[in-house]
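Numbering (this note's numbering), first residue to last: 453 to 1431.
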């Protein structure tokens, strides 16, 4: 065998040779085209009838025993259910053929697509690779064959030595230095556990380049068929995982923590020991380093190898991702994900708060709250650049002698908006802020050894380090200190002072604090930093408030008490506890642009609405049977929004849109003395008995059309994109069909009481009705003696921009209008607006009353919402930003065929996604997957429509141009990179 690490030149054969081999040894006439390889020659063979197979000419360094071991491994894989291509025998029946001294094999062609160039890989795909690697080691574990025990350069047991041998081929000095340093650090970490790592047969190169993928229903590429057993040999079992993980890194190299899904999935099916868990990331780094060194060496000795040249950039990306975060941190992430316990700090100081550190301090201590749920950060105050400082100043001004910004509390004050990546929000230090004053002694809170620069002393104790910043060292301080010994001074100052305190493990990388203040890490990095650091609170005599992401626990809690019919968003939902304007913030301080909450029409956390509710709750809380000013005032304000001459002069207030629709149906039936209600197909109107009866959406209820009560008639929906008649100018055809329905109902003695329709097809994703349809429908229904109900729950209240109500787009006036969602900006308010004549008909069925509908609180909130809509000019904003957003989304359709059409107007839009523009096959699974990826990038958008293939866009009306542009940019990124 050639010297390990020297590099291998591929056999000197071309496509003509491959065709001759196929004819002479396998009896098939083919056209051969070369496939890539670093050390062998691979050719795709295509026969005249289209049948395909793969020809492999092995590098001469590989012997027959190695090939026989590979054949045995293929059998083991098949027996375990792992998909692999079979080796095809030659004319003489042998699996290995000979041609001019070369060993030749022909295999089945693996149908599918290469994963290596797939771009972004979703969490489910990353996990599937981990499961496949586990299936590989489980299948190969019993295998015994002499051909497995062979030395080769890709055996991770020799990876460091091979990297060192090849490193001189890296002509980039800086890169070579990084490769050697990283591989050296990884070797040291590996040495501590390598004696405990199990050895068994492994594939050795189970990567995205050696697994053929197949498209799932979600259009994602999922791993399927294992290829190329050229590196099959004995090796560390955990190396199978590490090699696989390393190949996942380049798919999103700036987010290496995503591959923890691969690690966890492997562990679930092939549990790792603690030693193996500790070896994972050192092996990932060594594999990445070896890939870089080998790639440069391959080009040095085989400069015409286009395959190797093309792989250089990807190998560099793998190395950059593997070393983006420190080896120590990445190893802790692995250990935390696999449930390996971390060392705990157990020290504690006695005495009054802060006195173990500042013995001369006397005063009150306030631990300020910069967190996501802080009451001090409402009304957007968290967005101020000096938000942290403002909290401290407020505490000191209120009389505190010291204000503490605590360790481990996710800081809302550090949240950033309109960004794809979460901002660093979790502090690894504690900040102690003191007002002006004389210098104060600083003492050690623990026993340990003092190590110090002039302003950054540290006290080293068994396994832990206490870091201080902002302290002047006392030159007389002993090198060995006990708790209470002086180490320095907090300088005198006529301005506020800050002392930063950290507590980290001695093996933890340093996180230098900001000057002044704590260092912060992104939420995804917290699992490791919770292990590498500890809360100094016990040393300071203050309560520990450290947080971690509890969304998984909260989800489990909800699932224990929820019914199966109660929906939730997302596979792994973030825990949202704060909103401001059109942004949502989860408990880790990660912000999201909210593109779906049309209930919060003004935006989240509106100060005017909050103040109005607070004032009313402090004064009076009663119902509409009592006489108070706000009920008439609110009702008058609502009526003033109706078109002049509409005849709509009476308001009935309820709690929700479902109740509003329910009441509207009762009003129509009472006023006409009839029962039949005509509702459109594919509509959603609510969940009460009556509103659900007119809900015809098969998405919400798969049996909707078969289970409607006899008083509901379902008419065709005039969807100009997907309906029976498509395109512009289709209103007449739909109206003819509606006329036929009305005639048939009359003939059957089912006189029409009402026609119920959304003024814009909201459930379909904002599809605009064909021009003239609504006016024509109203005319026909009224001619038949029925009333017309406009469901404005979703599309009304200024959302469409150019008009306040959806029905105004058609130039019509309904007999009854239902409204709800944005009326209370999150507070439950619904209403029905109609004429007094129709409303009075309800008296024939008894009295009407709603306990909370029309209450003092709901009226006061409703008035505040109407005031804010005017003051914030939200209808105009909906028109302008909606036009900008729609234009950006439509531009994506020019680049991406999946974007078939953008429905709607104003800030009620829908992006319809299809697999084929000709067949219009709905891209439903893709749409759901795209929503998951958009959430990763900081945008909350969800699906709607009968086919669930439309991205619904109905954000708070305060959406800004910057946020709208970011949404378009992120959707474009997802469509380019994958989901």
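For every residue, glycine included, the Cβ atom is placed at its ideal position computed from N, Cα and C.
What number of angstroms, rounded off, separates the C-alpha of residue i from the C-alpha of residue j?
i: residue 1286; j: residue 1113; result: 12 Å
i: residue 1067; j: residue 1313; result: 10 Å
i: residue 943; j: residue 950; result: 10 Å
i: residue 625; j: residue 631; result: 10 Å
i: residue 964; j: residue 918; result: 13 Å
i: residue 769; j: residue 702; result: 5 Å
i: residue 476; j: residue 660; result: 33 Å
i: residue 601; j: residue 593; result: 14 Å
i: residue 453; j: residue 752; result: Annotation note: pLDDT 32 at residue 453 (below 50); position unreliable, no value reported.
i: residue 760; j: residue 747; result: 6 Å
i: residue 1371; j: residue 1151; result: 21 Å
i: residue 892; j: residue 938; result: 11 Å
i: residue 654; j: residue 705; result: 26 Å
i: residue 1248; j: residue 677; result: 52 Å
i: residue 457; j: residue 483; result: Low confidence applies to residue 457: its pLDDT is 41, below 50, so where it sits in the model is not reliable, and the reading given next is rough at best. Cα-Cα distance, rounded: 35 Å.
i: residue 1401; j: residue 1426; result: 16 Å
i: residue 1194; j: residue 1048; result: 36 Å
i: residue 1182; j: residue 1222; result: 6 Å
i: residue 1412; j: residue 1032; result: 13 Å
i: residue 744; j: residue 522; result: 27 Å
i: residue 597; j: residue 520; result: 8 Å
How many whole angstroms separate the CB atoms of residue i and residue j, which I take to be in contact at a CB cut-off of 8 Å?
i: residue 1381; j: residue 667; result: Not a contact, Cβ separation roughly 12 Å.
i: residue 1418; j: residue 1038; result: So it is not a contact: roughly 17 Å between Cβ atoms.
i: residue 1392; j: residue 1045; result: 7 Å
i: residue 505; j: residue 540; result: 6 Å
i: residue 877; j: residue 975; result: 6 Å
i: residue 991; j: residue 799; result: 6 Å
i: residue 439; j: residue 945; result: The question about residue 439 has no answer here: the residues shown for the chain are numbered 453 through 1431.
i: residue 1378; j: residue 1431; result: 7 Å
i: residue 1360; j: residue 1218; result: 5 Å
i: residue 901; j: residue 912; result: 5 Å
i: residue 1268; j: residue 1119; result: 6 Å
i: residue 856; j: residue 819; result: 5 Å
Applying the criterion that 16 or more other CB atoms from any shown protein chain within 10 Å of the CB defines a buried residue, is residue i buried or exposed?
i: residue 1350; result: buried
i: residue 920; result: buried
i: residue 492; result: buried
i: residue 1188; result: exposed
i: residue 958; result: exposed
i: residue 1374; result: buried
i: residue 1235; result: exposed
i: residue 651; result: exposed
i: residue 844; result: buried
i: residue 1432; result: Missing from the structure shown is residue 1432; the chain here goes from 453 to 1431 and no further.
i: residue 455; result: Residue confidence is low: residue 455 scores 37 on pLDDT, short of 50, so the model does not pin down where it sits. Its coordinate-derived value is still stated next. Exposed: under 16 other Cβ atoms inside 10 Å.
i: residue 1420; result: buried
i: residue 940; result: buried
i: residue 816; result: exposed
i: residue 927; result: exposed
Does the beta carbon of residue i fall short of 7 Å from some heavy atom of the ligand NAD?
i: residue 743; result: In the structure on display, the ligand NAD does not appear, and there are no ligands present to speak of.
- Secondary structure, beta strand (DSSP E): runs of 3+ residues fully inside the stretch 808-892: 817-819, 854-857 and 881-886
- Task: Take every Cβ of the stretch 462-478, pair it with every Cβ of the stretch 636-647, and state whether three or more of those distances are shorter than 8 Å.
- Result: Segment contact: the stretch 462-478 against the stretch 636-647, fewer than three CB-CB distances shorter than 8 Å; contact not assigned.
- Could you give the uninterrupted runs of the alpha helix (DSSP H) lying entirely in the stretch 1090-1153, keeping only those of 4 residues or more? 1109-1124 and 1141-1145
- Using 8 Å as the threshold, is the stretch 772-792 in touch with the stretch 979-993, meaning 3 or more CB pairs across them? yes
- Message: With a threshold of 8 Å, are at least 3 pairs of Cβ atoms found where one atom belongs to the stretch 1280-1294 and the other to the stretch 1127-1144?
- Response: no
- Query: What are the start and end residues of each continuous beta strand (DSSP E) run of 3 or more residues lying completely inside the stretch 987-1069, in chain order?
  - Reply: 1028-1032, 1035-1038 and 1043-1046
- Inside the stretch 1284-1357 only - beta strand (DSSP E) runs reaching at least 3 residues: Whole beta strand (DSSP E) segments, 3+ residues: 1351-1357.
- Task: Go through the stretch 1194-1282 residue by residue and report every complete run of the alpha helix (DSSP H) that reaches 4 residues or more, in order.
- Result: 1225-1235
- Contact between the stretch 676-688 and the stretch 714-727 (3+ Cβ pairs under 8 Å): The answer is no - the stretch 714-727 does not touch the stretch 676-688, with fewer than three Cβ pairs under 8 Å.
- Answer yes if the stretch 505-517 comes into contact with the stretch 550-557, meaning at least three C-beta pairs across the two stretches below 8 Å, and no otherwise. yes
- Message: Check whether the stretch 807-824 and the stretch 1002-1019 touch, using three or more Cβ-Cβ pairs below 8 Å as the test.
- Response: no
- Item | At least three beta-carbon pairs within less than 8 Å, the stretch 1320-1340 to the stretch 1091-1110 | no
- Message: Would the stretch 690-698 count as touching the stretch 729-744 if we require 3 or more Cβ pairs under 8 Å?
- Response: Yes, the stretch 690-698 is in contact with the stretch 729-744.
- Message: Which complete alpha helix (DSSP H) runs does the stretch 512-570 hold, if anything under 4 residues is left out?
- Response: Within the stretch 512-570, the complete alpha helix (DSSP H) runs of at least 4 residues are 516-532.
- Is there contact between the stretch 1293-1302 and the stretch 1096-1103, where contact requires at least three CB pairs shorter than 8 Å? Counting Cβ pairs under 8 Å, fewer than three are found: no touch.
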